[in-house]
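Notes follow once the structure below has been shown.
Residue numbers (the working numbering): 60 to 786.
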């Protein structure tokens, strides 16, 4: 199974972006990749592997100084291993591969137990004899099996961890789905309206065969393949999208969950029942062939079924799944939630983080970190302390990813703080949006392409892909080409992490580990101090993203400016009333159909006039949790507006959407890189949450509540009067 592993810095001087080294005796066996990983493929054709190269850093392998041998010699024996290398001297690793199912795990643990091999960026030594090279398949007199056993691993990845960002998974599948000439040719030919379609198509044959046949085709046409022949090639070597998944009806789905009885409006109650039915439509299960032949799929295998967002998003996504789980718990489906949680925990154990989504081309980036919150919601409802105990260290591992790879130091008033940002230090176009990224890069000088692509990936990691929020401070604040996501410290990301630190402290306290509980309490206190000093604006009464390059806050409106209220990461109770005044001053309460994502109209989907369900939740629940009666009433009125928008669109179209246009009576949203999608997981989840919280008050009537600032007091009084009426 192809696994993304912690990266090592570049150590080879002659490596191309797509390249590696092959040996004529054993084609496609060795690939020495840019992160210093050694990839061994097609082991049925190989008996010996020798890697030779130069490293600028002393190489020490701890106790593994000469021969490493497994007790069962049928798996793997390392006959010679250099123990120590001096600066810029030659190293040589010689392995004998004796076809066995345990070879990969042995070598993985062997390297992982040693220290970091390479910890500095590659600097080519000043000598002409330092070209890296690899030798493969040196035949020996040893007897080889006539055929490899069925359980022999298809791919071995040899690596050295240095705590850095996880690299793109370096296996044959990545040369098809993640980078390479095949991907470039297909996507730039624009054979599909949506670039995601191609990278979601399973292979019909083994990836090395696909690459070999493509290489022959490309060479025959001097790397300018006619479109019809390219289409014929794909038809022959790929399957239709979705073949790796099958529909799944959750086993714990039931007809009438109790929360439906709390909804007094009969139309809203019937609607909620229909949304509850949608969980069966959105349920998916991965077919077993993805486990047995992972190299043929871009989908990452998941051992438990799950709920997907819907539309083009046929796999699960990280932060979407939190609001999906909230809805599932209201639907009394904790078993489904536990399975989805286990999938995420498995990803952390395998890759060190939760990827953006369950595809190999998403492995370079994550999404807003809500895993600890998912666990808290499940454990609270199911009282499954054993599950928490078994997986608490995995939750800690995920937070470590953000600490090690997404932290940034910020100074203010002579003090230095550590906060977090979205940051994906990898270039290349996003495979699922390849042609769009390439076209956008063509508007810039060639030297700026890689930086642009890295910032686009960071924007995708934020979940806000894309928004003028990430353009502010650039040369053109309305243009995607000005994106600079990693140059900003986001309010919501730090609020999510602050909340996670509090939850981790509570988890450890619950399990009796006081020292770890104290550790996370201290981390939360440090973050809250940093957020108050760096992100909070006392005059405006809200938190704002911080521009690292320009040394100032971005004072534009986004619902995320109030994320600390939702996360409970503030210390002054008066901040709620200040935030409420901020909403009034920004004229946000005058929008009739939902809270806008921003006040800029750029054509991006995370900008005006779109409104998104999770952002409504950030503001509504942030206000609703306050002891302030005024804030609670405004929260209800905002919930009423959002429910009516969703209900009215559903009444007309019989569908739920990922986003809504609130500029003209409430319509399905638009803008961005693809058409608006139906489904829709997190939209359904937020609606069910609001119906559960306010079901005794919400109305399906056509009169939307307009909250002019001077009407707030009247709205509050009306709410209080209604609460005094006999039920």
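Backbone N, C-alpha and C fix where the C-beta goes; we use that ideal spot for every residue, glycine too.
With contacts defined as CB atoms closer than 9 Å, residue 482 and residue 444 fail to qualify as a contacting pair.
A contact between stretches requires three or more CB pairs, one per stretch, nearer than 8 Å, and the stretch 640-652 fails this requirement with the stretch 555-563. With contacts defined by Cβ atoms closer than 9 Å, residue 651 and residue 721 form a contacting pair. Relative to residue 436, the option among 315, 447 and 407 whose CA is nearest is 447. Around the CB of residue 257, 16 or more other CB atoms lie within 10 Å, so the residue is classed as buried.
Close CB contacts of residue 261 within its chain, under the 6 Å cut and outside five residues either way in sequence, are with 298, 302, 303, 355 and 356 (chain order).
Within the same chain, 479 come within 6 Å of residue 552 by CB-CB distance, once the 5 residues on both sides are set aside. Annotation for residue 653: 670, 675, 700, 701, 704, 719 and 721 place their beta carbon closer than 7 Å to its own, counting only its chain and skipping 5 residues before and after.
Residue 396 is not a Cβ neighbour of residue 456, given a cutoff of 9 Å. Residue 478 has 467 as its beta-bridge partners, per DSSP. Within the model, the alpha-carbon separation for residue 530 versus residue 313 is close to 46 Å. Ranked by Cα distance from residue 340, the first of 723, 714, 271 and 751 is 714. In this structure, the alpha-carbon of residue 695 lies about 22 Å from that of residue 388. Annotation for residue 681: 621, 624 and 625 place their beta carbon closer than 7 Å to its own, counting only its chain and skipping 5 residues before and after. Nearest Cα to residue 697 within the set 668, 639 and 731: 639.
Assignment of beta-bridge partners to residue 305 by DSSP yields 344.
Residue 390 counts as buried, since at least 16 other C-beta atoms from the protein chains shown sit within 10 angstroms of its C-beta.
Exclusion of the five residues before and after residue 489 leaves 496, 515, 516 and 519 as the residues of its chain whose Cβ lies within less than 7 Å of its Cβ. Around the beta carbon of residue 285, fewer than 16 other beta carbons lie within 10 angstroms, which makes this residue exposed.
Here DSSP, grouped into helix, strand and coil, assigns residue 597 to coil. DSSP, read as helix, strand or coil, puts residue 695 in helix. Classified as buried, residue 664 has 16 or more neighbouring CB atoms from the shown chains inside 10 Å of its CB. Judged by DSSP in its simplified three-state form, residue 727 adopts strand.
Distances from the alpha-carbon of residue 507 to those of 526, 463 and 486 put 486 closest. In the three-state reduction of the DSSP assignment, residue 366 falls in the strand class. In the structure shown, the three-state DSSP call for residue 460 is helix. Going by beta carbons, residue 402 and residue 369 fall outside the 9 Å limit. Here DSSP, grouped into helix, strand and coil, assigns residue 548 to strand. Short of 7 Å from the beta carbon of residue 575, and not among the five residues preceding or following it, lie these beta carbons of its own chain, in chain order: 567.
With respect to the C-alpha of residue 300, the residue from 588, 263 and 318 having the closest C-alpha is 263. About 42 Å separates the CB atoms of residue 239 and residue 311; that is not less than 8 Å, and the two are not in contact. Note that the C-beta distance between residue 749 and residue 324 is not below 9 Å. Cβ-Cβ distances below 6 Å link residue 385 to 744 and 748 in the same chain, with the five nearest sequence neighbours on each side left out; the list follows chain order. When only Cα atoms are considered, residue 275 and residue 453 end up about 45 Å apart. Secondary structure at residue 553: helix, using DSSP grouped into helix, strand and coil. With respect to the 9 Å criterion, residue 606 and residue 539 are not classified as neighbours on the basis of their beta carbons.
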